[in-house]
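> Take this structure, written in structure tokens, and hold onto it; I'll ask about it next.
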Amino acid sequence: MERKILLTDTADEPGLIYKITEVCFLHGLNIIKNQEYVATDERRFFMRTYLEGDFNDRFLPEVRRKLGKEADVRLVNEGRKHLVVLVTKEAHCLGDLLMKHYSGTLNATIDAVIGNYDVLRDLVERFDVPFELVSHEGLSREEHCHKVLEAVQKYSPDYVVLAKYMRIITPEFLQAFRNRVINIHHSFLPAFIGAKPYQQAFDRGVKIIGATAHFVTEELDNGPIIEQDVIKVDHNFSADMMARSGRDVERLVLDRALTDVLEDRVFVHGNKTVVFK
Numbered sequence: 034m035e036r037k038i039l040l041t042d043t044a045d046e047p048g049l050i051y052k053i054t055e056v057c058f059l060h061g062l063n064i065i066k067n068q069e070y071v072a073t074d075e076r077r078f079f080m081r082t083y084l085e086g087d088f089n090d091r092f093l094p095e096v097r098r099k100l101g102k103e104a105d106v107r108l109v110n111e112g113r114k115h116l117v118v119l120v121t122k123e124a125h126c127l128g129d130l131l132m133k134h135y136s137g138t139l140n141a142t143i144d145a146v147i148g149n150y151d152v153l154r155d156l157v158e159r160f161d162v163p164f165e166l167v168s169h170e171g172l173s174r175e176e177h178c179h180k181v182l183e184a185v186q187k188y189s190p191d192y193v194v195l196a197k198y199m200r201i202i203t204p205e206f207l208q209a210f211r212n213r214v215i216n217i218h219h220s221f222l223p224a225f226i227g228a229k230p231y232q233q234a235f236d237r238g239v240k241i242i243g244a245t246a247h248f249v250t251e252e253l254d255n256g257p258i259i260e261q262d263v264i265k266v267d268h269n270f271s272a273d274m275m276a277r278s279g280r281d282v283e284r285l286v287l288d289r290a291l292t293d294v295l296e297d298r299v300f301v302h303g304n305k306t307v308v309f310k
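The sequence shown lines up with residues 34 to 310 when you count with the working numbering.
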């Protein structure tokens with residue numbers, strides 16, 4: 034029997050769980066796990082339903098008819114997704130992804146790594162993953178990002194991961210991959226956005242540093258947050274020590290965020306997310 038995930042995002046009203054599960058029952062589908070959440074301030078209902086059974090083409094249209102045209106309802110396959118990873122020069126997040134890809138613990142296939150420098154080619158190719166260089170030299174930001182977009186689109190990935198990719202993504206790129214570009218930011222957003230956040234944190238004398246994984250939007254470092262974590266620091270930490278310690282948090286946070294996204298546990302709700310654990 035197949036296993037699939039039904040994702041529901043709609044205006045809240047009485048009886049929604051019954052309406053959805055009734056259709057599941059009538060189609061002989063077994064509900065392995067069901068999670069729901071209501072954003073009470075906006076009266077918005079979210080539900081993730083993990084199903085097992087024999088699916089047919091009538092099931093999803095019947096759910097949609099029950100809920101009405103306004104509802105956003107998707108049925109997604111359980112299984113590995115496809116990723117393209119964008120990089121610049123830093124290897125720690127990329128290396129962690131490649132190791133998980135190699136060991137089979139990443140619920141996705143890395144189809145390609147694309148960089149604006151050639152620095153990480155040797156690392157990538159050791160894992161038998163294609164590496165493409167799309168240099169930014171002599172190009173405007175828009176021209177370069179357009180070339181990167183063309184390179185990415187050849188692979189038709191489910192998601193694009195910015196693994197310490199130090200370039201700003203253009204609206205053209207984001208329109209092509211709306212809510213499908215994931216960034217790991219080396220600070221606890223919304224604090225210390227932009228460049229050199231660890232230096233900013235050091236200058237401010239913070240006692241914790243962290244990392245944030247988020248979907249990328251047109252507004253710099255302000256997209257819907259998927260996952261965050263922090264570690265304690267003190268006055269003995271220099272900016273460089275904070276940066277070194279922060280790399281471990283970045284790897285951990287990116288891994289958690291990707292796990293949630295790849296298992297279809299994340300709903301984007303305005304500039305926030307609903308994440309079912």
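The C-beta atom is built at its ideal place from N, Cα and C for all residues, glycine as well.
Note that the structure is a prediction, hence the values are computed from the model and not measured.
1. Which value, in whole angstroms, describes the spacing of the CA atoms of ILE242 and ALA272?
2. Kindly provide the ranges of any beta strand (DSSP E) runs that are 3 or more residues long and lie completely inside the region 150-176, ordered along the chain.
3. Any contact between the region 235-250 and the region 268-288? By contact I mean 3 or more CB pairs, one from each, below 8 Å.
4. Between which residues of its own chain and ASP53 is the CB-CB distance below 8 Å, once the five residues before and five after are set aside?
5. Whole alpha helix (DSSP H) runs in the region 198-264 with 4 or more residues, listed along the chain?
6. Any idea if PRO163 is buried or exposed, counting beta-carbon neighbours within 10 angstroms, 16 or more meaning buried?
7. Could you check where the beta strand (DSSP E) with HIS268 kicks off and where it finishes?
8. For GLU260, is the classification buried or exposed, using 16 other Cβ atoms within 10 angstroms of its Cβ as the cut-off for buried?
9. Flag this pair as yes or no: are the beta carbons of VAL282 and TYR188 separated by less than 8 Å?
10. Identify the continuous beta strand (DSSP E) that holds LYS305 and give its terminal residues.
11. Do LEU62 and GLU46 have their C-beta atoms within less than 8 Å of each other?
12. Around the C-beta of PHE78, are 16 or more other C-beta atoms found within 10 angstroms, so that it is buried, or is it exposed?
13. Restricting to Cα atoms, I'd like to know which of PHE248, LEU172 and GLU123 is closest to GLY279.
14. Figure out for me which residue from ARG113, PRO94, GLY112 and HIS115 has the closest Cα to the Cα of ASP105.
15. For the region 49-117, list the beta strand (DSSP E) runs that are entirely contained and at least 3 residues long, ordered along the chain.
16. Going by beta carbon distance, what residues of the same chain come within less than 6 Å of LEU108, once the five residues before and after it are set aside?
17. Quick one: Cα of HIS125 to Cα of ILE215, how far?
18. Would LEU131 count as contacting chain D if we go by Cβ distances under 8 Å?
19. Quick test of your reading: VAL308 and VAL301, contact by CB under 8 Å. State the CB separation rounded to the nearest angstrom.
20. What residue range is occupied by the uninterrupted beta strand (DSSP E) comprising LEU195?
21. In this structure, what does DSSP give as the bridge partners for HIS302?
On the basis of the data shown:
1. 11 Å
2. 164-166
3. yes
4. The sequence as given places Ile at residue 53; Asp does not occur at that position. Closer than 8 Å at the Cβ level, and outside the excluded window around ILE53, lie LEU39, THR41, MET80, THR82, VAL96, LYS99 and LEU100.
5. 204-209 and 230-237
6. exposed
7. Run containing HIS268: none; DSSP gives neither H nor E here.
8. buried
9. no
10. 305-308
11. no
12. buried
13. GLU123
14. PRO94
15. 63-72, 77-86 and 105-110
16. LYS37, LEU39 and LEU93
17. 16 Å
18. Here chain D cannot be found, since the structure has a single protein chain.
19. Between VAL301 and VAL308 the Cβ distance is about 10 Å, and since that is not below 8 Å, they are no contact.
20. 192-195
21. LYS305
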